[in-house]
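Enquirer: Sharing a structure below in structure tokens format, with a few things to ask.
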Amino acid sequence: MKVAIQGAHGSFHELAGIKYFSSQKVLPFGEDLGGASIQCIECVTFKNVFDSVINGESDFGITAIENTVAGTILPNYAMLRESGVHIIGEIYLHIQQNLLALKGQTIEDIKEVHSHPMAILQCQNFFEQYPHIKLIEADDTASRAKWISDNQLKGMGAIAGVHVADMYNLKILSESI
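Residue 144 in my numbering sits at position 112 of the sequence shown, with consecutive numbering throughout.
Laid out in structure tokens, this is it:
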């Protein structure tokens with residue numbers, strides 16, 4: 033089963049997809065999952081998620097439409113309405129954002145933090161304590177953490193889940209931000 037997600041391996045959308053589909057015994061159309069594996073198709077944007085489902089590249093798509101901190105994600109509601117795709121279920125995912133960076137650094141070493149705009153919005157109050165850190169919007173939380181790790185970028189941080197720190201060998205500089 034192919035499930036389109038916004039973000040890279042380790043993203044919260046991937047977690048939501050795995051959590052949702054692994055908890056289902058029967059799909060909404062009466063088809064038995066029968067232990068089918070879930071292949072997450074990484075999409076850069078939410079529009080790419082909708083396009084993947086509409087074009088038949090993915091069987092299902094996962095998209096956030098509400099956020100308890102940042103509010104309703106209106107563009108996703110509009111795409112849902114205009115696309116003709118249907119909601120088949122919902123999953124609630126408790127998200128804990130964390131500040132991640134290369135090992136051996138402190139928060140004082142961080143000059144830039146790259147993350148998805150929603151994650152930045154969720155953590156805005158935390159970063160008010162650190163005016164020296166420039167917040168830079170990016171396409172995804174997990175992909176930015178991977179980018180920092182792959183390129184060994186000192187002075188840069190990412191906002192992402194705890195599991196992403198382990199996945200990309202990063203240090204958690206601050207938890208639950």
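Even glycine gets a Cβ: it sits at the ideal position worked out from N, Cα and C.
If distances are taken between C-alpha atoms only, which option among 33, 78, 152 comes closest to residue 45?
Expert: The option with the nearest alpha carbon to residue 45 is 78.
Enquirer: Buried or exposed for residue 140, please, with buried defined as at least 16 other CB atoms from any protein chain shown within 10 angstroms of its CB.
Expert: Residue 140 is exposed by the Cβ-count criterion.
Enquirer: Give every residue of the same chain whose Cβ lies closer than 8 Å to the Cβ of residue 194, excluding the five residues on either side of it in the sequence, and list them in chain order.
Expert: Hits under 8 Å: 128, 130, 204, 207.
Enquirer: When you compare only the Cα positions, how much space is there between residue 164 and residue 173?
Expert: Near 21 Å, if we compare the C-alpha coordinates of residue 173 and residue 164.
Enquirer: By DSSP's criteria, residue 146 is part of a beta bridge. Which residues make up the other side?
Expert: Residue 146 pairs with 168, 190.
Enquirer: Please determine, among 179, 37, 190, 182, the residue with the shortest C-alpha to C-alpha distance to residue 94.
Expert: With distances taken between Cα atoms, residue 94 lies closest to 37.
Enquirer: In three-state terms, what does DSSP make of residue 173?
Expert: It is helical.
Enquirer: In whole angstroms, what is the alpha-carbon distance linking residue 190 and residue 184?
Expert: Answer to the nearest angstrom: the Cα atoms are 13 Å apart.
Enquirer: Quick check: residue 132 and residue 170, are their CB atoms within less than 9 Å of each other?
Expert: No, Cβ-Cβ distance for residue 132 and residue 170 is not below 9 Å.
Enquirer: Quick check on this structure: which residue in 142, 82, 51 has the alpha carbon closest to the alpha carbon of residue 168?
Expert: Considering only alpha carbons, the answer is 142.
Enquirer: So, for residue 187: in the same chain, excluding its five sequence neighbours on each side, which residues have a beta-carbon less than 8 Å away from its beta-carbon?
Expert: Hits under 8 Å: 137, 141, 142, 143, 144.
Enquirer: Does DSSP put residue 207 in a helix, a strand or coil?
Expert: Coil, per DSSP.
Enquirer: What residues in its chain sit with their C-beta under 7 Å from that of residue 43, if we drop five residues either side in the sequence?
Expert: Excluding sequence neighbours, residue 43 sits near 37, 172, 173, 174.
Enquirer: Beta carbon of residue 72, beta carbon of residue 88: below 9 Å?
Expert: Contact: no.
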